[in-house]
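Novice: Numbered according to mature numbering (1 follows the signal peptide of the UniProt record, and there is no 0), the sequence shown spans residues -22 to -1, 1 to 531.
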Amino acid sequence: MNKFFLIGFGVFLSLLSFFNKAKTTTVNASPIALNAKSVWVDSVYNNMTLKEKVGQLFMVAAYSNREAKHIDSIQQLIADYGIGGLIFFQGGPVRQANLTNRYQALAKVPLLVGIDAEWGLNMRLDSTSRYPYNMTLGAIQDETIIESIGQQIGKNCKRLGIHLNFAPVVDINTNPNNPIIGVRSFGEQKNNVTQKALAFTKGIQSEGVLACAKHFPGHGDTDVDSHLALPTVNFSKKRIDSVELYPYKKLFKKGIAGVMVAHLNVPALEGQKSLPSSLSYNIVTSILKEQLKYEGLVFTDALNMKGAANFKAPGDIDLAAFLAGNDVLLFTENAPKAIAKIIEAYKSKLIDEKRLAHSVKKILSAKYDVGLYDYKPIKIEGIIKNLNSESSIELYGKAIDHAITLIQNKTKNTFNGDFEDKIAYLSLGDGNGEMFRKSLSETIEVEEISGRNIQQILKKIKPYKTIIIAYHRKNSRLVNDISKTDKQMIESISKTKNVILDVFASQYCLKQVNLEHVESLIVSYENTEISQQISADIILGKRKAKGRLAASI
């Protein structure tokens, strides 16, 4: 393996040997340890060609569920262009680990490997544990639980050879119709979002995995998906500074490793009409790097997203993003073309050596921080077991137990398990609710009601005083409105019966439902067997609802 970091500089090797254990952070490192880092960074940088330096700026999309042609293309980018890193998307953990080892063996400088694991590796990979969505975590009042989740996700990332998690999302979701953020946000209140983000970041970075806050300067109040078009944020500079930027300022003080810049049109911060924030020098350099004094890694959001890709052609957009001040260019559509464009700009003096060294050395510093100066291949044996530990399942359950929220409860329901009469149970939505029904039936007599239409249902429930209506979504991330039929069912039944409505989905799905006559409303957030069991326990009086709604309906 012909790696630059094995260059035999005597002083570097002696320093490295002495501080070999200081692999994960240099925030509080001694001057000698910092010197070991700078020696390594400088030695690698000074032995690179211009093409290899420019290659370090790029993190390319990689998949472990694609064919040989895709694998060959990644290998070529590593071997011929010296790209700096990979961001993995869909696939499986064993396949990804094997590919990572294969790709790392080709790299002259070890690759920085990243992934979107906002709710754990399960966001991208099969056969892995998942954790609650951020909106669920936003309801939890004990932030040590969020820190533990961040730490566990960090352990899982490290086990899979991942050095960087593009999380947490710190967008303040003040628009319930936001099509792309929604439950990926911790909520609509800046203080709550910030505290949850701080806890998550502390947890993941304690494992030596880099966290990356997104989507700067704030994607929470948009009604357009930046994967499809360019959203506009029409707030004043004062409002953006006091709300959208609030979490970033707090995270910067605590040493978060990275920031991802979104593709947004923000007229208050950028005078050029419809210039995406990711391509704006004013936003990336003047505000983020200079005014906010952020010194960590600055990533673009994926450059294939239409919010940016519609603005410039492949290659040109990468150059524009680098000129704006971004350090790492993520998910480029054409890496060879983009590398050639930046080399051309360097040779024509549009980019000087200082600017190039600024970003490349930051990238190398991050690689040092995660221990890549002493790279070791991933051990494949036991990886599935390690990523699906019993403690992960227990932690998910603990989080759900602290998140489920009793939003309203009028005088009829005491939630002590003392139901005088037989209860009717109605399941709505497209998800499976069998565990919820089963859990209720173990303690109380429950009669499941079904019918082809509202009239049939209303007729069948006449003998019952209390109706438990459970709304289950197959994909509880979705924030779409509840169906017209289910909406009418809830509203009609609640006018004449004591209704306990339990929602195993985002609270946003209820925003068009008239809840005035609903006696009791519980939001259980996620349609999993664990959440169904815990929520049933709350109705039966075996547990108390502990959560607090992080975003209003």
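Ideal Cβ placement from N, Cα and C applies to all residues, glycine included.
Identify every residue that forms a DSSP beta bridge with Y449.
Specialist: L406 and V481
Novice: Per the contact definition of three or more C-beta pairs closer than 8 Å, is the stretch 175 to 187 in contact with the stretch 127 to 146?
Specialist: yes
Novice: For P225, count neighbouring Cβ atoms within 10 angstroms of its own Cβ and tell me buried if that reaches 16, exposed if not.
Specialist: buried
Novice: Taking S484 as the reference, which of A529, K400, T122 and H495 has the closest Cα?
Specialist: A529
Novice: Could you say which of L84, F414 and Y486 lies nearest to A514 if we only look at CA atoms?
Specialist: F414
Novice: Would G165 and G116 qualify as a contact pair, given that the criterion is a beta-carbon distance under 9 Å?
Specialist: Taking 9 Å as the Cβ cut-off, G165 and G116 qualify as a contacting pair.
Novice: Do H380 and N410 come within 9 Å of each other at the CB atom, strictly closer than that value?
Specialist: no
Novice: Tell me whether the beta-carbon of Q82 lies closer than 9 Å to the beta-carbon of G128.
Specialist: no
Novice: Given this structure, state the Cα-to-Cα distance separating A235 from G98, to the nearest angstrom.
Specialist: 18 Å
Novice: Tell me the residue span of the alpha helix (DSSP H) that contains K192.
Specialist: No alpha helix (DSSP H) contains K192, which is instead part of the beta strand (DSSP E) from L188 to F194.
Novice: Can you tell which of D408, T392, K443 and I385 has its C-alpha closest to the C-alpha of I531?
Specialist: I385
Novice: Tell whether a beta-carbon distance below 9 Å holds between S256 and D279.
Specialist: yes
Novice: For the beta strand (DSSP E) containing N391, name the first residue and the last one.
Specialist: N391 -> no beta strand (DSSP E), and no H or E assigned at all.
Novice: Could you give the residue range of the beta strand (DSSP E) that holds F36?
Specialist: Where F36 is concerned, the enclosing beta strand (DSSP E) stretches over F36 to A40.
Novice: Under the DSSP definition of a beta bridge, which residues are partnered with N476?
Specialist: T444
Novice: Let me know the secondary structure DSSP gives L103 once reduced to three states.
Specialist: strand
Novice: Over the uninterrupted alpha helix (DSSP H) stretch that includes G181, give me the two end residues.
Specialist: K168 to Q183
Novice: Identify every residue that forms a DSSP beta bridge with I321.
Specialist: Per DSSP, none; premise fails for I321.
Novice: Where does G249 sit, in a helix, a strand or coil, going by DSSP?
Specialist: coil
Novice: So for E494, helix, strand or coil by DSSP?
Specialist: It is coil, neither helix nor strand.
Novice: Among the candidates A46, V22, G69 and Y272, whose CA atom is the shortest distance from the CA of G60?
Specialist: V22
Novice: Measuring straight from C-alpha to C-alpha, what distance separates K1 and L350?
Specialist: For K1, the predicted structure reports a pLDDT of 36, less than 50, and the residue's modelled location is therefore unreliable. The matter cannot be settled from this model.
Novice: Could you tell me which residues DSSP pairs with L384 in its beta bridges?
Specialist: Here L384 is bridged, per DSSP, to I500.
Novice: Is the distance from the Cβ of K354 to the Cβ of E497 below 9 Å?
Specialist: no
Novice: In three-state terms, what does DSSP make of V147?
Specialist: strand
Novice: Would you mind stating whether E248 and I261 have Cβ atoms separated by less than 9 Å?
Specialist: yes
Novice: Taking C487 as the reference, give the member of K475, S502, N476 and I478 with the closest Cα.
Specialist: S502
Novice: Measure the alpha-carbon distance for G70 versus D104 and round it to whole angstroms.
Specialist: 5 Å
Novice: Between the stretch 32 to 42 and the stretch 312 to 331, are three or more C-beta pairs nearer than 8 Å?
Specialist: yes
Novice: Are three or more beta carbon pairs between the stretch 469 to 482 and the stretch 423 to 442 nearer than 8 Å?
Specialist: yes
Novice: Tell me which same chain residues have a C-beta within less than 7 Å of the C-beta of T4, skipping the five on either side of it?
Specialist: Confidence at T4 is low in this model, with a pLDDT of 41, below 50, so the placement of that residue should be treated as unreliable; the coordinate-derived value is given next. Closer than 7 Å at the Cβ level, and outside the excluded window around T4, lie A11, L12, K15 and D347.
Novice: Can you tell me the Cα-Cα spacing of D352 and H141, whole angstroms?
Specialist: Their backbone Cα atoms lie some 13 Å apart in a straight line.
Novice: Among N288, K228 and S264, which has the Cα closest to the Cα of P254?
Specialist: N288
Novice: Contact between the stretch 361 to 380 and the stretch 106 to 123: three or more CB pairs below 8 Å?
Specialist: yes
Novice: Can you tell me where the beta strand (DSSP E) with G236 in it begins and where it stops?
Specialist: G236 to V239
Novice: Starting from the N-terminal side, write out each stretch of the beta strand (DSSP E) that is 3 residues or longer and does not extend beyond the stretch 257 to 338.
Specialist: 275 to 278
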